[in-house]
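In terms of my numbering, the sequence shown is residues 7 to 192. Using N, Cα and C, we set each Cβ at its ideal position, and we do this for glycine too. As structure tokens, the structure follows; a few thoughts come after it.
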Amino acid sequence: MTEQAKQEITRAARQAAAELAATAGLRKGDVFVVGCSSSEMVGGQIGRDSSLEAAQALYEGIAPVLAERGVWLAAQCCEHLNRALIVERAAAEAYGWEEVCVVPRPHAGGSWATTCWKRFAHPVAVEAIRAHAGMDVGGTLIGMHLRRVAVPVRLSVDHIGQAILLAARTRPKLIGGERAKYTEED
Numbered sequence: 007m008t009e010q011a012k013q014e015i016t017r018a019a020r021q022a023a024a025e026l027a028a029t030a031g032l033r034k035g036d037v038f039v040v041g042c043s044s045s046e047m048v049g050g051q052i053g054r055d056s057s058l059e060a061a062q063a064l065y066e067g068i069a070p071v072l073a074e075r076g077v078w079l080a081a082q083c084c085e086h087l088n089r090a091l092i093v094e095r096a097a098a099e100a101y102g103w104e105e106v107c108v109v110p111r112p113h114a115g116g117s118w119a120t121t122c123w124k125r126f127a128h129p130v131a132v133e134a135i136r137a138h139a140g141m142d143v144g145g146t147l148i149g150m151h152l153r154r155v156a157v158p159v160r161l162s163v164d165h166i167g168q169a170i171l172l173a174a175r176t177r178p179k180l181i182g183g184e185r186a187k188y189t190e191e192d
């Protein structure tokens, strides 16, 4: 992977994460889930061409944006680990997520989860979360880890590397029917 390609992944990831964090109105302590196929980022087929270099470039773009806001990053593992997530121990404790025992590797968890495991201060794996927003880089299907109700967000960035980028924020359910009010002004 060329230095230019890595820099472009980092730039696109930084821009996408900043746009989504702003659009979603993320606050300190919120959770941002990222599913990533490093294979797709480098032009391969998901699950076939894992790239630690591409995953590291993605991390360099996303992590500083979230750290600046005090938002927790959750890294979705691949299907071989049942799409478990790598999170900081402090986030797992704050949200009451039950830890499971596994250490991701590029071909069992994916390069993205492996990168986050190595970069986090105190990483742990958990089976399920409910994130406030998230990015799907390369068709990894993060919806199972988003809060209800997920709302698609169109970003100015639609690819990271060669992978398609999809993003979502979440909002509380609107309940109560036609007589309900949803803002103080109603």
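Is the beta carbon of Ile92 sitting closer than 8 Å to the one on Ala131? yes
Give the straight-line distance between the Cα atoms of Ser43 and Glu191, rounded to the nearest whole angstrom. 44 Å
Within the continuous beta strand (DSSP E) that includes Cys84, where are the two ends? Counting along the chain, Cys84 falls outside any beta strand (DSSP E), and DSSP gives it neither H nor E.
Tell me where the alpha helix (DSSP H) around Met47 begins and ends. 44-47
Which residue wins for smallest C-alpha separation from Cys107, given the options Arg95, Ile68, Ala100, His113? Arg95
Residue range of the unbroken beta strand (DSSP E) whose run includes Ile92: 91-94
Close Cβ partners of Arg136 (< 6 Å) along its chain, the five nearest in sequence each way excluded: Arg153
Go to Val143, then tell me how far its alpha helix (DSSP H) extends in each direction, as first and last residue. Element bounds for Val143: not the alpha helix (DSSP H) but the beta strand (DSSP E), 139-143.
Apply the 10 Å Cβ neighbour rule to Ala100 and answer buried if 16 or more other Cβ atoms are within range, or exposed otherwise. exposed
Which value, in whole angstroms, describes the spacing of the CA atoms of Arg111 and Ile52? 15 Å
Should Gln13 go down as buried or exposed, given a rule of 16 or more other Cβ atoms within 10 Å for buried? exposed
Please go through the same chain and pick out, in chain order, the residues whose beta-carbon is closer than 8 Å to the beta-carbon of Gln168, but skip the five residues on each side of it. Glu46, Met47, Val48, Gly49
C-beta neighbour in chain C for Ala27, strict 8 Å: The structure shown contains no chain C; it holds only a single protein chain.
Which residue or residues does DSSP assign as beta-bridge partners of Gly193? With the chain covering only 7 through 192, there is no way to say anything about residue 193.
With a cut-off of 8 Å on the beta carbons, I'd call Ile15 and Ala60 a contact; round off their distance for me. 6 Å
Cα separation between Ala134 and Asp36? 15 Å
Just the Cα atoms here: how many angstroms apart are Ile181 and Tyr188? 9 Å
Measure the C-alpha to C-alpha separation of Thr146 and Gly140 and round it to an integer number of angstroms. 11 Å
Within 10 angstroms of its Cβ, does Ile68 collect 16 or more other Cβ (buried), or is it exposed? buried
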